[in-house]
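One structure is given here, and the rest of the page talks about it.
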Amino acid sequence: MDFIAFFLRVKGAISKRLARYTLDIPGALRTGFVRGCIVVALTGALFISSTLLRDDSELKPGRMPQCDSTFARDLLTKVVNESIAGQRGIRLLQVDEVADFAVRAPATSGEPQADARNCSAFVRTNAGKAILFFQLTWSSSKKDEVWLEITQSSL
Numbered sequence: 104m105d106f107i108a109f110f111l112r113v114k115g116a117i118s119k120r121l122a123r124y125t126l127d128i129p130g131a132l133r134t135g136f137v138r139g140c141i142v143v144a145l146t147g148a149l150f151i152s153s154t155l156l157r158d159d160s161e162l163k164p165g166r167m168p169q170c171d172s173t174f175a176r177d178l179l180t181k182v183v184n185e186s187i188a189g190q191r192g193i194r195l196l197q198v199d200e201v202a203d204f205a206v207r208a209p210a211t212s213g214e215p216q217a218d219a220r221n222c223s224a225f226v227r228t229n230a231g232k233a234i235l236f237f238q239l240t241w242s243s244s245k246k247d248e249v250w251l252e253i254t255q256s257s258l
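If you read the sequence shown in our numbering, its first letter stands for residue 104, the second for the next number, and so on.
What follows is the structure, encoded as structure tokens:
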């Protein structure tokens with residue numbers, strides 16, 4: 104066998120082996136793009152589901168709700184609408200801004216074990232804008248009911 108025939112035979116064998124390991128760049132990019140989209144979609148789904156599962160509209164026994172929680176906002180709306188002012192036709196339409204300004208140290212830090220919270224809220228009513236100062240306290244020794252008392256109002 105001469106050198107050229109040997110060279111062509113080795114070249115053919117190498118070409119056959121390399122044919123199995125071709126690099127398909129467009130296919131690899133397509134696969135990577137699809138995997139990336141799947142990862143982004145799963146991450147988004149996890150974020151959205153965790154946001155929806157974190158519900159602060161219910162009272163958790165033993166944990167004083169924050170002034171700005173959905174529970175406190177809903178309770179404030181209910182108290183105002185069922186108060187004497189509410190019976191006279193004043194309706195709380197929207198709670199704009201709520202702040203915690205407690206005199207007691209645990210409540211200022213928003214600690215869940217606090218026994219009371221002193222809060223203020225800027226609200227919109229059908230009679231105009233108002234500021235309400237209110238206090239959240241436990242109304243039962245089991246700490247499963249919250250009492251909301253409006254201490255000062257510009258209504």
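No residue lacks a Cβ here, since even glycine has one placed at the ideal position from N, Cα and C.
Taking a C-beta distance under 7 Å as the contact criterion, Val198 and Val226 qualify as a contact pair.
At a Cβ-Cβ threshold of 7 Å, Ser256 and Leu239 do not count as neighbours. In this structure, the beta-carbon distance from Leu251 to Ala188 does not fall below 7 Å. Along the length of the region 164 to 247, whole beta strand (DSSP E) runs at least 3 residues long occupy 195 to 203, 219 to 228 and 231 to 241, reported in chain order. Lys114 and Ala108 have their C-alpha atoms spaced approximately 10 Å apart. CA-to-CA, the gap between Glu185 and Arg138 works out to about 55 Å. Less than 7 Å divides the Cβ of Pro164 from the Cβ of Asp247. The residues Leu195 and Val198, in chain order, have a CB closer than 7 Å to that of Thr180 in the same chain once the five nearest residues on each side in sequence are set aside. Shown here, Ser256 sits in a strand according to DSSP, grouped into three states. According to the DSSP assignment, Leu111 belongs to the alpha helix (DSSP H) that extends over Phe106 to Ala122.
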